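A.B. asks: Okay, handing you the structure first.
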Amino acid sequence: MIATVYNRKNPFQARLSRMEVLTKPGSSKDTRHFEIDLSGSSMEYEPGDSLALQPQNDPALVSSLLDLIGADPEQMVGEKTLFETLHDDLTITEPGPRLIDAIKKETPGSSFADAMDDPARKAMYLYGRDVLDLLGEHPEIRFTADTLLPLLKPLQVRLYSISSSLRACPEQVHLTVATVTYESHGRARGGVASTWLAERLADHTRIPVYIQPNKRFRLPENDAPIIMCGPGTGVAPFRAFVQERRVQGTNSKAWLFFGEQHRSSEFFYEEEWNAALQDGSLTKLTTAFSRDQAHKIYVQHKMMEEGAEFWKWLDEGAIFYVCGDKTRMAADVDAALHQLIEKHGGKTDEGAKEYVEAMKKEHRYHRDVY
Numbered sequence: 002m003i004a005t006v007y008n009r010k011n012p013f014q015a016r017l018s019r020m021e022v023l024t025k026p027g028s029s030k031d032t033r034h035f036e037i038d039l040s041g042s043s044m045e046y047e048p049g050d051s052l053a054l055q056p057q058n059d060p061a062l063v064s065s066l067l068d069l070i071g072a073d074p075e076q077m078v079g080e081k082t083l084f085e086t087l088h089d090d091l092t093i094t095e096p097g098p099r100l101i102d103a104i105k106k107e108t109p110g111s112s113f114a115d116a117m118d119d120p121a122r123k124a125m126y127l128y129g130r131d132v133l134d135l136l137g138e139h140p141e142i143r144f145t146a147d148t149l150l151p152l153l154k155p156l157q158v159r160l161y162s163i164s165s166s167l168r169a170c171p172e173q174v175h176l177t178v179a180t181v182t183y184e185s186h187g188r189a190r191g192g193v194a195s196t197w198l199a200e201r202l203a204d205h206t207r208i209p210v211y212i213q214p215n216k217r218f219r220l221p222e223n224d225a226p227i228i229m230c231g232p233g234t235g236v237a238p239f240r241a242f243v244q245e246r247r248v249q250g251t252n253s254k255a256w257l258f259f260g261e262q263h264r265s266s267e268f269f270y271e272e273e274w275n276a277a278l279q280d281g282s283l284t285k286l287t288t289a290f291s292r293d294q295a296h297k298i299y300v301q302h303k304m305m306e307e308g309a310e311f312w313k314w315l316d317e318g319a320i321f322y323v324c325g326d327k328t329r330m331a332a333d334v335d336a337a338l339h340q341l342i343e344k345h346g347g348k349t350d351e352g353a354k355e356y357v358e359a360m361k362k363e364h365r366y367h368r369d370v371y
């Protein structure tokens with residue numbers, strides 16, 4: 002019997018089996034642990050892989066958009082109603098180039114058209130605005146369902162680093178997701194996928210999913226030590242790594258750097274890490290809670306504090322993994338890596354750069370950043 006291949010065109014219809022809020026009272030964030038049931042799918046994944054899921058738009062936003070253009074939500078669009086099409090298939094939280102060009106064409110010489118021709122002004126104008134905003138700010142343009150739908154982008158799948166080992170959690174996949182919510186232009190907003198997962202999933206809700214392999218972010222096949230740096234939700238793949246190591250019974254060394262704002266309210270999976278330290282699937286845990294003291298302390302600062310031992314692990318052939326924020330964290334961690342190699346490895350600035358480049362070529366420096 003040939004196993005079913007699940008992909009974007011043919012996702013598996015999974016179900017939510019468990020959800021837990023990881024953040025505790027006092028946190029300004031809302032980060033959650035999701036356990037998704039894959040029973041009957043025969044889906045396989047490895048630690049380091051991602052789960053692709055197809056989210057749905059906020060029905061309240063869909064209704065507001067339909068009200069604005071005066072469209073009938075029950076109007077048929079192919080085999081779906083207009084409401085279902087906007088809810089399931091199209092991006093309405095981010096205006097696409099076709100919609101922008103259409104409004105420009107209808108408003109020649111306007112401040113909007115001028116702003117869209119200047120990259121800096123365009124980025125500033127569009128920041129925090131969705132399709133409803135743009136249509137509401139141009140009431141002189143009479144959009145209908147027939148004219149609007151072709152101007153909208155398809156609703157894209159979202160990728161989340163898997164935070165479980167399949168061998169440790171058969172027929173399940175776990176995710177660690179921060180719920181994105183914010184205010185912009187007088188309205189409450191939310192991330193499409195994160196708010197869908199946190200606020201609108203019921204036991205019967207279908208979650209279309211498939212596995213997105215990440216062969217460049219794998220546990221080593223040998224006994225090389227590993228150092229993992231995963232602040233916030235970036236810790237997800239390393240939970241999978243530690244679970245896998247426990248199942249394998251590996252004796253190689255593993256060091257985790259984890260960071261968040263407050264130890265009391267945002268120390269995700271604390272009990273699991275302590276248990277892993279006890280059973281040896283984790284050798285060392287270093288934490289950085291940035292707001293628990295007057296000056297902010299991040300994982301890169303802890304790397305520098307532990308620089309002598311960090312270099313010792315590297316000198317023993319350790320593999321370094323980084324997961325999380327691409328904009329600032331990954332760059333700061335990379336800079337700290339160069340500095341500690343220079344300081345504790347007795348290298349020049351150029352020598353440290355060459356060492357890091359050699360790590361990359363030898364597949365000893367892996368980044369999963371977004």
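Quick note: the sequence shown, position 189, residue 190 per the working numbering, numbers continuous.
Beta carbons: idealized from backbone N, C-alpha and C, even for Gly.
Note that the structure is a prediction, hence the values are computed from the model and not measured.
#1: So within the region 232-303, which uninterrupted beta strand (DSSP E) runs reach at least 3 residues, ignoring any that extend past its ends?
#2: Grab me the residues of Tyr-356's own chain with a C-beta within less than 7 angstroms of its C-beta, minus the 5 sequence neighbours each way, in chain order.
#3: Taking one C-beta from the region 69-78 and one from the region 140-151 each time, how about it: are there three or more such pairs within less than 8 angstroms?
#4: Below 8 angstroms on the Cβ atoms is my guess for Ile-228 versus Trp-256; work out the distance and round it to an integer in Å.
#5: In its own chain, which residues sit with a C-beta less than 7 angstroms from the C-beta of His-339, not counting the 5 before and 5 after it?
#6: From Ile-163 to Arg-219, what does the alpha carbon distance come to, in whole angstroms?
#7: Determine the direct distance from the alpha carbon of Leu-39 to that of Asn-58, and round the result to whole angstroms.
#8: Compute the beta-carbon to beta-carbon distance between Ser-253 and Asp-280, rounded to the nearest angstrom, for a pair I have assumed lies under 8 angstroms.
#9: Just to check my reading of the structure: Ala-189 and Thr-180 have Cβ atoms closer than 8 angstroms, yes? What is that Cβ distance to the nearest angstrom?
#10: Can you tell which of Ala-203, Leu-66, Pro-96 has the C-alpha that lies nearest to the C-alpha of Glu-85?
#11: Between Ala-277 and Val-243, which are expected to be in contact by the criterion C-beta below 8 angstroms, what is the C-beta distance as a whole number of angstroms?
#12: Measure the beta-carbon distance from Thr-92 to Pro-151 and round it to whole angstroms, keeping in mind my assumption that it falls under 8 angstroms.
#13: Give me the residue from Glu-245, Ile-208, Gly-192 with the minimum Cα distance to Pro-48.
#14: At 3 residues or longer, and completely inside the region 136-220: list those beta strand (DSSP E) runs for me, N to C.
#15: Sorted by chain position, which residues of the same chain lie with C-beta nearer than 7 angstroms to Leu-149's C-beta, five sequence neighbours on each side aside?
#16: Taking the CB atoms as reference points, tell me whether Arg-207 and Leu-54 lie closer together than 8 angstroms.
#17: Just to confirm the assignment: which complete alpha helix (DSSP H) runs, minimum length 4, are found wholly within the region 95-122?
#18: In this structure, how does DSSP classify Leu-91 when only helix, strand and coil are distinguished?
#19: Anyone know if the C-beta pair for Leu-23 and Arg-33 falls short of 8 angstroms?
#20: Using 8 angstroms as the threshold, is the region 264-273 in touch with the region 360-370, meaning 3 or more CB pairs across them?
#21: Excluding the 5 residues flanking Leu-127 on each side, which residues of the same chain have their C-beta closer than 6 angstroms to its C-beta?
#22: Considering only residues of the same chain and omitting the five flanking positions on each side of Ser-166, which have a CB-CB separation below 7 angstroms?
#23: Is it the case that the Cβ atoms of Leu-52 and Val-174 are separated by a distance below 8 angstroms?
#24: Straight-line CA distance for Leu-202 to His-364?
#25: Whole angstroms are fine: how far does the CA of Ala-103 sit from the CA of Phe-13?
#26: Just to confirm before moving on: does the CB-CB distance between Pro-56 and Val-193 stay below 8 angstroms?
#27: Taking the beta carbon of Val-63 as the centre, do at least 16 other beta carbons fall within 10 Å, making it buried, or is it exposed?
#28: With distances taken Cα to Cα, identify the nearest neighbour of Ser-195 among Glu-310, Ser-111, Tyr-161.
#29: Assign Ser-65 to one of three DSSP states: helix, strand, or coil.
#30: What residue range does the alpha helix (DSSP H) around Met-360 cover?
#31: With a threshold of 8 angstroms on Cβ separation, who are the neighbours of Val-334 within its own chain once the five nearest residues in sequence on each side are excluded?
#32: According to DSSP, simplified to helix, strand and coil, what is Gly-308?
C.D. replies: From the atom records:
#1: Qualifying beta strand (DSSP E) stretches, in chain order: 255-261, 285-290.
#2: Along the sequence shown, one-based indexing puts residue 356 at 355. Within the same chain, Cβ atoms closer than 7 angstroms to the Cβ of Tyr-356 are found at Ile-342, Gly-346, Lys-348, the five residues on either side in sequence being excluded.
#3: Segments in contact, yes.
#4: Taking the sequence shown and counting its residues from 1, the one referred to as residue 228 is at position 227. Taking the sequence shown and counting its residues from 1, the one referred to as residue 256 is at position 255. Confirmed, Cβ separation roughly 5 angstroms.
#5: Your numbering for residue 339 matches position 338 in the sequence shown. Within the same chain, His-339 has close Cβ partners Ala-353, Lys-354, Val-357.
#6: Looking up residue 163 in the sequence shown gives position 162. Looking up residue 219 in the sequence shown gives position 218. In this structure, the CA atom of Ile-163 is about 12 angstroms from the CA atom of Arg-219.
#7: By one-based count along the sequence shown, residue 58 stands at place 57. By one-based count along the sequence shown, residue 39 stands at place 38. Rounded to whole angstroms, Asn-58 to Leu-39 spans 23 angstroms at the Cα level.
#8: Looking up residue 253 in the sequence shown gives position 252. Looking up residue 280 in the sequence shown gives position 279. 14 angstroms between Cβ atoms; not a contact.
#9: Taking the first residue of the sequence shown as position 1, residue 189 is located at position 188. Taking the first residue of the sequence shown as position 1, residue 180 is located at position 179. Not really, about 12 angstroms apart at Cβ, beyond 8 angstroms.
#10: Taking the sequence shown and counting its residues from 1, the one referred to as residue 85 is at position 84. Among Ala-203, Leu-66, Pro-96, the Cα nearest to that of Glu-85 is on Leu-66.
#11: Start at 1 with the first residue of the sequence shown, and residue 277 comes out as number 276. Start at 1 with the first residue of the sequence shown, and residue 243 comes out as number 242. Ala-277 to Val-243, Cβ: 5 angstroms. Contact.
#12: Locating residue 92 in the sequence shown gives position 91, where the first residue counts as 1. Locating residue 151 in the sequence shown gives position 150, where the first residue counts as 1. About 13 angstroms separates the Cβ atoms of Thr-92 and Pro-151, ruling out a contact at the 8 angstroms cut-off.
#13: Taking the sequence shown and counting its residues from 1, one reaches residue 48 at position 47. Nearest of Glu-245, Ile-208, Gly-192 to Pro-48, Cα basis: Glu-245.
#14: As for any beta strand (DSSP E) of minimum length 3 sitting wholly inside the region 136-220, the runs are 159-162, 173-179, 182-185, 188-191, 208-213, ordered along the chain.
#15: One-based indexing of the sequence shown puts residue 149 at position 148. Ile-70, listed in sequence order.
#16: Your numbering for residue 207 matches position 206 in the sequence shown. Your numbering for residue 54 matches position 53 in the sequence shown. No, Cβ-Cβ distance for Arg-207 and Leu-54 is not below 8 angstroms.
#17: Complete alpha helix (DSSP H) runs here, min 4: 98-107, 112-117.
#18: Along the sequence shown, one-based indexing puts residue 91 at 90. Per DSSP, reduced to three states, the secondary structure at Leu-91 is strand.
#19: Numbered from its first residue, the sequence shown carries residue 23 at position 22. Numbered from its first residue, the sequence shown carries residue 33 at position 32. Yes.
#20: Cβ pair count under 8 angstroms is below three, so no.
#21: Position 126 of the sequence shown, counted from the start, is the residue given in the question as residue 127. Setting aside the 5 residues that flank it on each side, Leu-127 has no residue in the same chain whose C-beta is closer than 6 angstroms to its C-beta.
#22: By 1-based counting over the sequence shown, the position of residue 166 is 165. By the criterion of a C-beta distance shorter than 7 angstroms, Ser-166 is surrounded in its chain by Pro-48, Ala-241, Gln-244, Glu-245, Val-248, once the five residues flanking it on both sides are discounted.
#23: Your numbering for residue 52 matches position 51 in the sequence shown. Your numbering for residue 174 matches position 173 in the sequence shown. Their beta carbons are under 8 angstroms apart, which means Leu-52 touches Val-174 by this criterion.
#24: Position 201 of the sequence shown, counted from the first residue, corresponds to residue 202. Position 363 of the sequence shown, counted from the first residue, corresponds to residue 364. Between Leu-202 and His-364, the C-alpha separation is close to 39 angstroms.
#25: The residue you call residue 13 lines up with position 12 of the sequence shown. The residue you call residue 103 lines up with position 102 of the sequence shown. When the Cα atoms are used, Phe-13 and Ala-103 turn out to be separated by approximately 36 angstroms.
#26: For the purposes of this step, residue 56 is taken as residue 55 along the sequence shown, with counting starting at 1. For the purposes of this step, residue 193 is taken as residue 192 along the sequence shown, with counting starting at 1. For Pro-56 and Val-193, yes; Cβs fall inside 8 angstroms.
#27: Along the sequence shown, one-based indexing puts residue 63 at 62. By the Cβ-count criterion, Val-63 is buried, with 16 or more other Cβ atoms from all chains shown falling within 10 Å of its own Cβ.
#28: Taking the first residue of the sequence shown as position 1, residue 195 is located at position 194. For Ser-195, the closest of Glu-310, Ser-111, Tyr-161 by C-alpha to C-alpha distance is Tyr-161.
#29: Counted from its first residue, the sequence shown places residue 65 at position 64. Reduced to three states, the DSSP call for Ser-65 is helix.
#30: For the purposes of this step, residue 360 is taken as the residue at position 359 of the sequence shown. The continuous alpha helix (DSSP H) containing Met-360 extends over residues 350-362.
#31: Reading the sequence shown from its first residue, position 333 is the one you call residue 334. The beta carbon of Val-334 sits closer than 8 angstroms to those of Cys-230, Val-300, Gln-301, Met-304, Val-323, all from its chain and outside the five residues before and after it, given in chain order.
#32: For the purposes of this step, residue 308 is taken as residue 307 along the sequence shown, with counting starting at 1. Gly-308 falls in the helix class under three-state DSSP.
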